[in-house]
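Structure first, commentary second.
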DNA sequence: TCCATTTTGGCATCGAGTGCCATTAGTGTG
DNA sequence: CACACTAATGGCACTCGATGCCAAAATGGA
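Chains as they are written, first to last, in this note's numbering: chain A, 106 to 327; chain B, 106 to 327.
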């Protein structure tokens, strides 16, 4: 689903982030004891271990050891073990909002949403492998599959708000909610099909999302 | 989503169940030590505590004490704490399958599915309050929301298989999967709207599911 | 150098979940 | 009726995720 802004396991920032939300250490000034690690470092350590021992087989203790910090510190960077594979997903919702906003006004709402979703899932070639690996982990590990609902809810909210804005409804009304849920349904179907493909290239995510949407249209037409 | 066959907190069987799956104690003959409790008794005890202390505030120890059995025994009836509010959902999937199968052959697939889903969610008046309470708990408790994905996946599978059968595709193909995901999307939107209503009566679940489907059609039409 | 500031990480604790196994309470048989 | 047979029970120990608490560490600035 997501296009991560930061937290990429391979390329991301090694510096602590300056955000004012969640358990992320906020660095308002340069005073005080300096941070000992970063989201990127923790994710790298974690993915290294996940690859060899699996998600369930990797303890938080082990991740802490691999990252060279205390277990307690890991929990200050990530609320839970399940949050680690998601990286810093929260940041990307702003990006998603922007993508939706920049779609042409004269498009039908569902088309604007669809295009926004497609763009949201367009990645440069070099970002594809780690993205794929991340999503594979999330979508095939039961604990993570379950946990991801909470993330999806935030993502759906972005859509519901956009639809509400464009149709004059409230975000909690039925149609905006349906739009959010159905967009997620399309995306998840597409991701599953994408991951089922043997070659990491084949049709890309954007194409598959288009197909999934076309599939829905044909399904609903009879 | 579900129409539970057994495990109803108010009306269900007080006898151990004869099923051959999961951690449910299988009673093949009448020999051996008799069971000390039942799914129904455990659920009743659990819901009593959930009502006063909330889900997170209720420990498995407490549920065991309330039910008059050992904690270890509770875990033989339910794989996890999260499974308790779901009752014996697995049983209802057979019922759902039957409902889909009995829809007229000449209906368009999406119509047959929709009708099956609607029927699946039609309850006699006296079953409504406990059902509503159960779903309220599941859909408003984060842990349970997350956990429910695993149940939904089984439910979606039933739809995907039916669509595959009727269209000559395989269950894992894109369109059947999309059908499953989208049906779930509709159902969840409907449930949320249903729970948001102050009165337990107002429009019933079947009506709201119809509206959600109509909402999707209008959304996709522009 | 001392202070304010901020992160760190150790420790204790809780609760979910699991493996192990002796105990219990029935049924069927001689 | 006593004795084996059978199957559920429940206690115990243990692992692991998660959280609260707090002293220690490490920096910039006065």
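The C-beta atom is built at its ideal place from N, Cα and C for all residues, glycine as well. Since we're looking at a predicted model, the values are computed, not measured.
Check                                                                                                                             : Outcome
Alpha-carbon to alpha-carbon, residue 171 (chain B) and residue 188 (chain B)                                                     : 17 Å
Short CB-CB distance (under 8 Å) between residue 159 (chain B) and chain A                                                        : no
Through-space distance from residue 304 (chain B) to residue 294 (chain B), alpha-carbon basis                                    : 18 Å
Chain-ordered residues of the region 293-317 of chain A with a beta carbon less than 9 Å from chain B                             : 293, 294, 295, 297, 298, 301, 313, 316 and 317
Of the listed residues B:140, B:148, B:204 and B:210, nearest to residue 221 (chain B) (C-alpha basis)                            : B:204
Residue 221 (chain A), enclosing alpha helix (DSSP H) - first and last residue                                                    : 214-225
Burial state of residue 163 (chain B) (16 or more Cβ within 10 Å)                                                                 : buried
Touch test, the region 285-294 of chain B against the region 275-292 of chain A, Cβ-Cβ under 8 Å, three pairs minimum             : yes
Option nearest residue 317 (chain B) by Cα separation, candidates B:297, B:302, B:327 and B:142                                   : B:297
Residue environment, residue 193 (chain B), which counts as buried when at least 16 other CB atoms sit within 10 Å                : buried
Coil, strand or helix - residue 234 (chain A) by DSSP                                                                             : helix
Inter-residue spacing [alpha-carbon to alpha-carbon] between residue 258 (chain A) and residue 278 (chain A)                      : 15 Å
Helix, strand or coil at residue 309 (chain B) according to DSSP, with G and I counted as helix                                   : coil
Beta-carbon gap between residue 299 (chain A) and residue 198 (chain A) smaller than 8 Å                                          : no
Cα-Cα separation, residue 312 (chain A) to residue 266 (chain A)                                                                  : 26 Å
Any chain B beta carbon closer than 8 Å to residue 190 (chain A)                                                                  : no
Reduced DSSP secondary structure (H/G/I, E/B, other) of residue 150 (chain B)                                                     : helix
Members of the region 234-259 of chain B that neighbour chain A once the beta carbon cut-off is set at 7 Å                        : 247, 250, 251, 252, 254 and 255
Straight-line gap, residue 61 (chain B) to residue 243 (chain A) (C-alpha atoms, nearest Å)                                       : Since the first and last residues shown for chain B are 106 and 327, residue 61 (chain B) lies out of range.
Under the three-state DSSP convention, the category residue 171 (chain A) falls into                                              : helix
Own chain, CB closer than 6 Å to residue 247 (chain B), minus 5 neighbours either side, in chain order                            : none
Distance between residue 191 (chain A) and residue 241 (chain A) (C-alpha atoms, nearest Å)                                       : 12 Å
Residue 270 (chain A) at chain B interface by Cβ criterion, 8 Å                                                                   : no
Backbone CA spacing between residue 155 (chain A) and residue 249 (chain A) [nearest angstrom]                                    : 13 Å
Coarse secondary structure for residue 201 (chain B), derived from DSSP in three states                                           : helix
Where residue 182 (chain A) sits in the DSSP three-state scheme                                                                   : helix
Of the residues B:142, B:143 and B:202, the one placed nearest residue 270 (chain B), counting alpha carbons only                 : B:202
Integer Cβ distance of residue 228 (chain B) from residue 236 (chain B), believed to fall under 8 Å                               : 6 Å
Chain B contact for residue 327 (chain A) (CB, 8 Å cutoff)                                                                        : yes
Whether residue 218 (chain B) touches residue 264 (chain B) by CB criterion (8 Å)                                                 : yes
Close-in-space but distant-in-sequence residues of the same chain around residue 160 (chain B) (CB under 6 Å, 5 per side omitted) : 246
Ordered list of beta strand (DSSP E) runs contained in the region 263-317 of chain A, each at least 3 residues                    : none
Partner residues on chain A for residue 56 (chain B), Cβ-Cβ distance less than 7 Å                                                : Summary: the structure shown does not reach residue 56 (chain B), with chain B confined to residues 106 through 327, and so no result is reported for it.
Buried or exposed by the 16-neighbour rule on C-beta atoms within 10 Å, applied to residue 142 (chain A)                          : buried
Helix, strand or coil at residue 190 (chain A) according to DSSP, with G and I counted as helix                                   : helix
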